[in-house]
Amino acid sequence: MTGWLGWPFFEERHRVLADCVERWCAGRDFSHGRDVDAACRTLVADLGGAGLLQPCIEPDVRSLAISRATLAAHSGLADFAFAMQGLGSGAIAIAGSEAQRAQWLPEVAVGKAIAAFALTEPETGSDAANIAMSARREGGGWRLSGEKSYISNGTIADVLTVFARTGGEGHAGISAFIVRGDAPGLTVAERIRVIAPHPLARLRFEEVPAELIGQPEQGFRIAMQTLNRFRVSVAAAALGFARRALAEAIAFTSTRKLGKATLADNAVTQAGLAEMALGNDAAALLIARAAWAQDTQPGDPRRAAAMAKLHATESAQKVIDMAVQLHGGAGVTCGVKVEELYREIRALRIYEGASEVQRQIIARDLVREHRG
Ligand SMILES: Cc1cc2nc3c(=O)[nH]c(=O)nc-3n(C[C@H](O)[C@H](O)[C@H](O)COP(=O)(O)OP(=O)(O)OC[C@H]3O[C@@H](n4cnc5c(N)ncnc54)[C@H](O)[C@@H]3O)c2cc1C
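Position in the sequence shown (from 1) plus 834 gives the number in the numbering used here.
Structural data, given as structure tokens:
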């Protein structure tokens, strides 16, 4: 599953990391009960204990991508637990003061503090520049009021990076804040159940004490910088799911009888397998390019990150659907791996910028480039 690591985008340290993550996954039983909060806490603590959360607080996008592609191939929840430590602490890593970084990043990296990223609101998702949550100054600090929706780790976070309005309309009036999970006035208004369960909540903020990250009105830029980095890693998670789907499809069709031969000997099946492999390798190339460019090249990372997320998530959905199809009835049976992957992949085409938003980012960048 790790063939891409030989490509020139990656270095020896990435191959060592992939090996560590793979070995950690190989020895683990990822099954869990209905309590996803508890399962997630355990995963964060174990990943942290094994030193595997370190890439979450460092700027190397290739390490994030490799970790997520490897984890997702084994467990959607493990990938989620890993990713949220990075996304949730990204604003602190990018723009936090020395004191804020020293207080939170080491705890996040060892899995002692669970992190969350709170941008979306009940009335504002894709249109993030129009969030309504208000922030008002009080003494030397700030108080936040409003609601955030679809917040991953919302039920279990120890630290949240929250985006709220300190100035006028649009993206220019948004600032970034740190909120403690146990802050007075912060409550879980609703647990949100989704098709691939993980801790997800609508949160209510009533005069919640908060600490500013960076300068006022820099919040939207900080959020977009964080998302540019993590969009590439969402693409990598999609690739991990899709690679696992292809592996499952090859294993299943190689033993499933079709007349005197197996399904894998059938030309139509083979065409499907070839398309799946092509989709995966094209996604891997776009991810490797986007991650390598962010790590090593100057310039705007938006277009490459958007292309990687758009293609990898859309292609993974098709690859996984094909794997389900090749499994026949077994593919839609609860508990079968491809059925789980079918549920896991869906949200990746929506969160951290829906596919339509990624197309918009790419097209706007092309037009901007054309106009000079
Ligand atoms: C499982 C899950 C986890 C999440 N975790 C987090 C989290 O941790 N933190 C957080 O802040 N948010 C989180 N979100 C929220 C997520 O980022 C939003 O759902 C996403 O941004 C879309 O916003 P929305 O749901 O309000 O849909 P809307 O913005 O209402 O969009 C609905 C649909 O309209 C279409 N659309 C949107 N914009 C355009 C456009 N410009 N052009 C054409 N079509 C368009 C797309 O098809 C889109 O899916 C999560 C969501 C899910 C499902």
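Built from N, CA and C at the ideal position, the CB exists for glycine as well.
As the structure is a prediction and not an experimental result, all values here were calculated from the model.
Please work out which residues of its chain come closer than 6 Å, Cβ to Cβ, to F951, disregarding the five sequence neighbours upstream and downstream, and give them in chain order. The residues are L921, G922, T995.
At which residue ranges does the stretch 906-938 contain complete alpha helix (DSSP H) runs of 4 or more residues, listed in the order of the chain? The qualifying runs are 910-929.
For A1069 and E1178, believed in contact at Cβ under 8 Å, the rounded distance: E1178 to A1069, Cβ: 14 Å. No contact.
If we ignore side chains and look at the alpha-carbon of each, how far apart do N1100 and A1157 end up? Each residue's alpha carbon lies about 15 Å from the other.
Let me check understanding here. Comparing Cα to Cα, which of P889, F914, G1093 lies closest to P1033? Of P889, F914, G1093, the residue nearest in Cα terms is F914.
Going straight from the alpha carbon of T904 to that of G910, what length do you get? Linking T904 to G910 through their CA atoms gives a straight-line distance of about 10 Å.
What residue from A1116, N1062, A991, F1086 has the CA that sits closest to A1138's CA? Ranking A1116, N1062, A991, F1086 by Cα distance to A1138 puts N1062 first.
In whole angstroms, what is the alpha-carbon distance linking I899 and K1094? Sequence check: residue 899 is Ala here, not Ile. Computed Cα separation, rounded: 42 Å.
Are three or more beta carbon pairs between the stretch 1017-1026 and the stretch 1161-1177 nearer than 8 Å? At 8 Å Cβ cutoff, the stretches do not touch.
Exposure label - L1092; buried when at least 16 CB within 10 Å: L1092 counts as exposed, since fewer than 16 other C-beta atoms from the protein chains shown sit within 10 angstroms of its C-beta.
Quick check on R862: does DSSP put it in helix, strand or coil? Of the three classes helix, strand and coil, the one that applies to R862 here is coil, per DSSP.
Any idea which residues DSSP pairs F997 with across the strands? In the DSSP assignment, F997 is bridged to A1010.
Every unbroken alpha helix (DSSP H) inside the stretch 853-903 [4 residues or more]: Listed in chain order, the complete alpha helix (DSSP H) runs (minimum 4 residues) inside the stretch 853-903 are 870-883.
Looking at ligand 1, does it come within less than 6 Å of A1072, judged from the CB to the closest heavy atom? No.
Look at the Cβ atom of I891, then the Cβ atom of A936, and state whether they are nearer than 7 Å. In this structure, A936 does not lie closer than 7 Å to I891 by Cβ.
V1022 bridges to which residues according to DSSP? The partner list for V1022 (beta bridge, DSSP) reads L1037.
Close beta carbons around I948, own chain, < 6 Å, minus the five adjacent residues each side: Here I948 has V878, N987, I990, A991, D992 as same chain residues with Cβ atoms under 6 Å from its own Cβ, once five neighbours each way along the sequence are excluded.
Contact test: A1118 Cβ vs ligand 1 heavy atom, cutoff 6 Å: Between ligand 1 and the CB of A1118, the shortest heavy atom gap is not smaller than 6 Å.
Report yes or no: do three or more beta-carbon pairs, one from the stretch 1006-1013 and one from the stretch 962-975, lie closer than 8 Å? Segments in contact, yes.
Is L953 near ligand 1, in the sense that its beta carbon is under 6 Å from a heavy atom of that ligand? Between ligand 1 and the CB of L953, the shortest heavy atom gap is smaller than 6 Å.
Note down the Cα distance separating A1118 from A1044, rounded to an integer number of angstroms. So the two alpha carbons sit approximately 39 Å from each other.
Touch check for the stretch 1186-1199 and the stretch 1137-1154: three-plus C-beta pairs under 8 Å? The stretch 1186-1199 vs the stretch 1137-1154: in contact.
Tell me which same chain residues have a C-beta within less than 7 Å of the C-beta of L1073, skipping the five on either side of it? Excluding residues within five positions, the ones whose Cβ falls inside 7 Å are A903, N1114, A1117, A1118, I1121, A1146, A1150.
For H848 and E1041, what's the separation of their Cα atoms in angstroms? Rounded to the nearest angstrom, the two C-alpha atoms are 44 Å apart.
Just mark M1200 as buried or exposed, buried being the case when its beta carbon has 16 or more other beta carbons within 10 Å. Before going further, note that residue 1200 is Leu rather than Met in the sequence given. By the neighbour-count rule (16 or more Cβ atoms within 10 Å), L1200 is not buried but exposed.
Quick check on the DSSP output: the beta strand (DSSP E) that includes G980 runs from which residue to which? Judged by DSSP secondary structure, G980 falls within the beta strand (DSSP E) whose first and last residues are 975-986.
Between the C-alpha atoms of E1148 and F1075, what's the straight-line distance to the nearest angstrom? So the two alpha carbons sit approximately 12 Å from each other.
Expressed to the nearest angstrom, what Euclidean distance is found between the alpha-carbon atoms of P1050 and T1000? Spanning the two alpha carbons is a distance of roughly 7 Å.
Just to check, is the beta-carbon of S909 closer than 6 Å to a non-hydrogen atom of ligand 1? Checking the 6 Å criterion, the Cβ of S909 is out of range of every heavy atom belonging to ligand 1.
Going by DSSP, what residues sit across from I1121 in a beta bridge? The bridge partners DSSP lists for I1121 come to none.
Compute the Euclidean distance between the alpha carbons of M835 and R1077, then round it to the nearest angstrom. Here M835 scores only 44 on pLDDT, less than 50, and its place in the model should not be relied on; the value that follows carries that caveat. The straight-line gap from Cα to Cα measures roughly 7 Å.
Our contact map puts M1212 next to A1083 with C-beta atoms below 8 Å; I'd like the distance itself, whole angstroms only. It is not possible to answer for residue 1212, since the shown part of the chain is limited to 835 through 1206.
Among residues of its own chain, excluding the 5 on either side of Y984, which ones have a beta-carbon nearer than 7 Å to its beta-carbon? These residues qualify, in order along the chain: T954, I1026, L1034.
Please go through the same chain and pick out, in chain order, the residues whose beta-carbon is closer than 6 Å to the beta-carbon of L1175, but skip the five residues on each side of it. Taken in chain order, the residues that qualify are F1075, A1079, I1154.
Helix, strand or coil for A1108? Go by DSSP, reduced to three states. Judged by DSSP in its simplified three-state form, A1108 adopts helix.
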